[in-house]
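Residue numbers (the working numbering): 228 to 512. Each remark here refers to the structure printed beneath this line.
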């Protein structure tokens with residue numbers, strides 16, 4: 228892979244608006260911004276539609292197929308994904324599509340923010356795509372880490388914690404508050420049984436890879452960020468629920484071409500509640 232195949236520019240995207248075989252997909256937690264204006268022809272898929280609310284985590288193969296058919300996504304389509312927050316949830320959607328074997332999927336570099344800054348066209352018209360006959364493959368185990376993979380990888384693989392430093396340390400450093408940090412924003416509804424990180428994990432917050440305009444930093448800058456890790460060891464990324472870590476997975480696997488990178492989508496929400504697994508706290512691995 229590489230940025231020439233995993234990313235598209237705004238220029239490329241605008242030139243391909245309305246092209247047969249190119250489908251634009253925007254995702255996020257809610258569609259407020261989408262309804263106010265989106266790239267012409269763009270399909271909206273809420274992040275929650277990819278989730279199994281009972282089993283938790285990504286929906287199964289049949290559910291994924293039903294979702295794609297309902298949205299009019301075809302196997303032969305080249306998908307261009309985007310979201311707010313420097314493509315955070317778009318990168319997670321990219322990982323979902325890769326997990327289920329979609330052949331051609333890309334991120335719009337800079338996402339909504341750069342598209343709007345560049346003054347490119349927006350519309351409020353929702354596209355009406357005919358239902359498709361989408362067929363997904365079985366899950367590609369080479370891009371996904373499960374909890375047993377993480378435990379077995381301690382001291383063997385690169386384990387990359389891309390959460391905020393206080394989440395990694397397991398301590399909240401906010402002024403006047405000394406306590407445990409479990410989840411982003413210290414959300415009281417998102418609490419694992421304990422805080423901390425996987426022993427030996429390296430802390431590198433996900434947003435370090437993004438430039439001010441929301442685009443990805445250059446290959447040279449990205450390589451420098453990860454220079455302390457050995458790609459040959461294999462790498463597992465994790466965060467709270469697999470979204471931020473999917474973004475870092477995208478950078479390592481798709482942009483830098485590292486050979487063995489897996490996203491642990493269970494992440495700390497799962498690992499932090501497992502009984503008997505090793506946990507570390509503080510700023511050291």
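Just so you know, even glycine gets a beta-carbon here, dropped at the ideal spot from N, CA and C.
In the same chain as residue 458, and ignoring 5 residues on each side of it, the C-beta atoms closer than 6 Å to its own belong to 485, in chain order. Counted as a single uninterrupted DSSP element, the beta strand (DSSP E) harbouring residue 251 occupies residues 249-255.
When the beta-carbon positions are compared, residue 363 and residue 291 come within less than 8 Å of each other. In this structure, the CA atom of residue 247 is about 48 Å from the CA atom of residue 427. The beta-carbon distance between residue 330 and residue 440, rounded to whole angstroms, is 30 Å. This is too long to meet the 8 Å contact definition. No residue range can be given for residue 302, since it is assigned to no alpha helix (DSSP H) and is classified by DSSP as neither H nor E.
Here the C-alpha atom of residue 425 lies approximately 39 Å from the C-alpha atom of residue 296. Put simply, the backbone Cα of residue 310 is about 15 Å away from that of residue 477. Judged by DSSP secondary structure, residue 378 falls outside any beta strand (DSSP E) and instead within the alpha helix (DSSP H) spanning 374-380. Taking all protein chains shown into account, residue 263 has fewer than 16 neighbouring C-beta atoms within 10 Å of its C-beta and is therefore exposed. Three or more beta-carbon pairs separated by less than 8 Å are not found between the stretch 505-512 and the stretch 340-358, which leaves the two stretches without contact.
Using a 10 angstroms sphere on the CB of residue 275, the tally of other CB atoms stays under 16, which defines it as exposed. By the criterion of at least three beta-carbon pairs nearer than 8 Å, the stretch 376-393 is in contact with the stretch 482-498. Straight-line measurement puts the Cα of residue 245 at about 50 Å from the Cα of residue 506. It is roughly 9 Å from the alpha-carbon of residue 272 to the alpha-carbon of residue 258.
Contact between residue 321 and residue 332 is confirmed by a C-beta separation of about 6 Å, below the 8 Å threshold.
The C-beta separation of residue 449 from residue 483 comes to about 6 Å, placing the pair in contact by the 8 Å criterion. Annotation for residue 361: no alpha helix (DSSP H) segment contains it, and DSSP assigns it neither H nor E. Counting along the chain, residue 388 sits inside the beta strand (DSSP E) bounded by residues 385-388.
Taking the Cα positions, residue 479 is about 20 Å away from residue 382. Annotated three-state conformation of residue 232 is helix, per DSSP.
Close CB contacts of residue 249 within its chain, under the 6 Å cut and outside five residues either way in sequence, are with 243, 305 (chain order). Taking residue 236 as the centre and dropping the five residues before and after it, the same chain places the C-beta of 336 closer than 7 Å to its C-beta, in chain order.
Sequence-distant partners of residue 369 (beyond 5 residues in either direction) whose C-beta falls short of 8 Å from its own C-beta, in its chain, are 487, 489.
For residue 465, the enclosing beta strand (DSSP E) stretches over residues 462-465.
In this structure, residue 384 lies near residue 460, with their beta-carbon atoms less than 8 Å apart. Residue environment: residue 345 is assigned as exposed (fewer than 16 neighbouring CB atoms within 10 Å of its CB, all protein chains considered). In this structure, residue 326 and residue 366 form a Cβ contact; the two beta carbons are roughly 5 Å apart against a cut-off of 8 Å.
In this structure, the beta-carbon distance from residue 502 to residue 377 does not fall below 8 Å.
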